[in-house]
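Shown next, in structure tokens, is the structure this report addresses.
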Amino acid sequence: MKTLVIAEKPDMGRNIAAVIEPKAQNKRSYLEGENYIITWAIGHLIGLAEPDLYDDKYKKWRFGDLPIIPDAFKLLPNPRTKDQLQVIEDLAARSGALVNACDAGREGQHIFSLIVRHLHLRQPVKRLWISDLTAETIRKGFDQLKDNTEYDNLTQAARARSEADWLIGMNGSRAFTTKHNELLSVGRVQTPVLALIYDRQKQIEAFDSLKFYDITGMFSQQATNYRGIWQGERLTDPEKAEAIAAKVKGKTGTIASYEVKDTKEYPFKLYDLTLLQREANGKFSFSAKKTLDTAQALYEKHKVISYPRTNSNYVNEQNIPEMHKILDAMRNSPDYGDFVQGANKKFVHIGNKNVCNPTKVEDHHAIMPTMKKPQGLSPDERKLYDLIVKRFLSHFYPAAEYKVHTVMTEVEKENFKTTVKQLLSLGWKVIYGADSAPKTGAKDKGKDKEDGAGSAEEEEQETDTPFEIDPQQPVVCADVEVKEKETQPPKHYTEGTLLKAMESAGKQIEDEELRDAMKDSGLGTPATRAATIERLKQVGYIDMQGKKIVITPKGRTAIELIRGAGIELLTSPEMTGQWERRLTEISRGQASAEAFMGNVKKFTWQIIDKVNVQRPAAKNAFARPEPPAKAPRGKKAADGEAAPKKTRSSAGSAKAASATAVASAPSAQPSTIGICPSPGCGGHVFMGRKGYGCSHYKTGCGFVIWKESFNRTLTDTMVKALIEKGKTAKLKFGGKDGEESFEARIVLKNAVTGELELERE
């Protein structure tokens, strides 16, 4: 009998088939060759059943029915992908063995295990565990297939994560929603992340700005001119500052101390997913989700990078020869060939702990380019690929070298400190060109701190010209400048800084080794953090103002209600991070999934008991200011107006988009199309001028379907089918301007936001 290979997605399946069965027949939903049949799961084909499948009484949300704690969790096929699940069942019936070729990580393991559990498959299972989709890696992976039982602990951890999230999410959301008569989404990870944003907002609001004064002296000694920062307690009296300035101006001083130290700066660590998301957010304003989706396309579609959903910044010893081969493959690259010419393989070796550290690599090594030459990358894919390649290449270069001069100048018993960082050799920074060029002015090291501005006493001057001073000779204070400054409040989170906080469970940790140690107890995993941030947007808890994340009245009230009920644990980043650590320990065989779930069930009871005695919130507690009646003409749609032009509806601004669709409705009472499919909402979907929105948009529901989607105008009948059945009938697309026509159904991808996608026939 043949072996059935189950990949996570169609592209992955086709990549695998091209290597192990190059002559396989394409049967549309699978490929079949002499020895292997290759098919795919299209993501999650099966999920945990909703409460109403345990008992009809759960169709209505009633506090008295809580908590809902199943003796055994039921599985439910996704109705939109049940045809593909049937394909897998039919193929498995004529296969003697299975290969789990889903993504090599916790979620990939979970997707496969749900299929096996639901279909009661009994065939022996091997595991394909690979980090990229190049032909060489796939071939090697099939040569070294492992027994799937070796990953039983990972399967248990994935199952525990899923069931714990169900218990906390279902019970917490129903409890707070029914108690306070407002749709409130609660989650094991999303709630503590929202608490981080809430606490930062409160710090900003409580901040009292303080004026202070910096004194900068301009000194000269022969041909050398330099600046020094006055040293002393922070000055809040302008008269004192001016008096010191007058006292030293034009006077001769001495060099109280002078130290010179040679320093080296080594290349930054290779990317893990979170670090890549943070940098892409800072450089390109990419959301965490956009970076993840773009990286996934580079991995899965283009096959030019390794597996992106990794939490490691290092590689194993066996990856070192591979890195050398990748470098050679780039030698003729028009974009990177010159850098390869200047690279030296001797810097990348198993003894270089900045690159090779097997103790810090578990499932997957750091993100790297592959030997495949990139072709047809979109502009955004090119930007992300460029970040990954340059970070990779930088490790084949020597350290950047500096000479740091620290001078203490004394004038009239007043001390001024000067730090000059003199470039000797750019080393690896040559790859970054102007981005790494030394700055001729001063650099305020504190400018990027999240908790306020740094003072001038931290200033460091960078130069690429020699700095020469004779400590035995006098200096003249040629001029003095007094600057009025203000202490700054903590900065709002951006997606980049929020990801950093999630990684360390909210602890402000700058030391990289300590940050690494916290990775196991962060909030969520690299693969799920982007989805958590998107979820907070979708349920109306946060808004984006440019790159800033701002909590909404609904988000603020949700945290205050949860804490007010005495369920601090549910908002605690550190405690939730410890839960994540426990899941990691389960995956390593160091902790019991049964004990973990026992604690989660106890906590679920605590949530219900505490919310039960809470007083309901005031009706206006969740209200947000009404949007302007009319947006300015020509404005780009932060409110979702651009959505119809996209091939998929944007989920990121779903709530604002829903408001736009509804606000655009005629003044006459709109006709109802059906009940909103967003879980627990209960609102009515009706047609506006630009889309079909939910009547509960003012209280947080972000469901909207745009009339103009996939280059066609949706009808009431289509939208009714989408909200009731999850998909339309077969429709014809294309066929214009020589474009090939095809048949497809429009599918409701996300019932919370109304996001759509095409399911091609």
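This note's numbering applies: residue 369 is where the sequence shown begins, and numbers increase by one. Glycine included, C-beta positions come from ideal geometry on N, C-alpha and C.
Option in the options with minimal Cα separation from residue i
i            : options                  : result
residue 1075 : 1058, 1088 and 487       : 1058
residue 1109 : 1117, 1115 and 1100      : 1100
residue 587  : 1114, 375, 892 and 779   : 779
residue 452  : 665, 377, 474 and 426    : 377
residue 656  : 462, 895 and 540         : 895
residue 455  : 415, 647, 405 and 419    : 405
residue 956  : 648, 552, 412 and 526    : 526
residue 977  : 372, 393, 389 and 435    : 435
residue 973  : 1090, 543, 472 and 495   : 543
residue 755  : 1102, 712 and 735        : 735
residue 403  : 771, 510 and 415         : 510
residue 551  : 1055, 535, 1046 and 1113 : 1046
residue 419  : 535, 716 and 699         : 535
residue 708  : 546, 673 and 698         : 698
residue 591  : 615, 692 and 844         : 844
residue 704  : 687, 801, 792 and 662    : 801
residue 413  : 1124, 865 and 1117       : 1117
residue 629  : 769, 557 and 382         : 769
residue 758  : 730, 711, 729 and 605    : 711
residue 1121 : 1062, 673, 1093 and 743  : 1062
The beta strand (DSSP E) enclosing residue i, as first and last residue numbers
i            : result
residue 593  : 592-598
residue 904  : Taken as a continuous stretch (DSSP letters only), residue 904 belongs to no beta strand (DSSP E), being part of the alpha helix (DSSP H) at 897-906.
residue 404  : 404-408
residue 1042 : 1040-1043
residue 478  : That residue, residue 478, is in no beta strand (DSSP E); its alpha helix (DSSP H) goes 474-487.
residue 684  : Looking at the DSSP string, residue 684 is not in any beta strand (DSSP E), and its letter there is neither H nor E.
residue 974  : That residue, residue 974, is in no beta strand (DSSP E); its alpha helix (DSSP H) goes 961-980.
residue 1053 : 1052-1055
residue 602  : Note, residue 602: premise wrong, no beta strand (DSSP E); not H, not E.
residue 988  : Neither: residue 988 is in no beta strand (DSSP E) and is coded neither H nor E.
residue 790  : 782-793
residue 373  : 370-375
residue 829  : 828-831
residue 836  : Run containing residue 836: none; DSSP gives neither H nor E here.
residue 1101 : 1099-1101
residue 416  : 414-416
residue 1126 : 1123-1128
Opposing strand residues paired with residue i [DSSP bridges]
i            : result
residue 845  : 587
residue 911  : 918
residue 1081 : 1076
residue 580  : 853
residue 632  : 769
residue 1062 : 1053
residue 515  : 494
residue 779  : 782
Beta-carbon proximity check, residue i vs residue j, cutoff 7 Å
i            : j            : result
residue 787  : residue 777  : no
residue 904  : residue 870  : no
residue 548  : residue 921  : no
residue 733  : residue 653  : no
residue 830  : residue 797  : no
residue 476  : residue 470  : yes
residue 421  : residue 442  : yes
residue 384  : residue 506  : yes
residue 846  : residue 941  : no
residue 850  : residue 597  : no
residue 495  : residue 516  : yes
residue 579  : residue 854  : yes
residue 764  : residue 715  : yes
residue 979  : residue 926  : no
residue 911  : residue 952  : no
residue 372  : residue 460  : yes
residue 1041 : residue 1088 : yes
N- and C-terminal bounds of the alpha helix (DSSP H) containing residue i
i            : result
residue 459  : 450-461
residue 521  : 520-548
residue 948  : 941-955
residue 445  : Residue 445 -> not in any alpha helix (DSSP H); beta strand (DSSP E) instead, spanning 443-445.
residue 1112 : Careful: residue 1112 lies outside any alpha helix (DSSP H), inside the beta strand (DSSP E) at 1110-1118.
residue 387  : 378-388
residue 865  : 863-871
residue 338  : In the structure displayed, the chain extends from 369 to 1129; residue 338 sits before or after that span and is not available.
residue 647  : 641-652
May I have a chain-ordered list of the alpha helix (DSSP H) segments no shorter than 4 residues that lie completely inside the segment 688-769? 705-710 and 747-762
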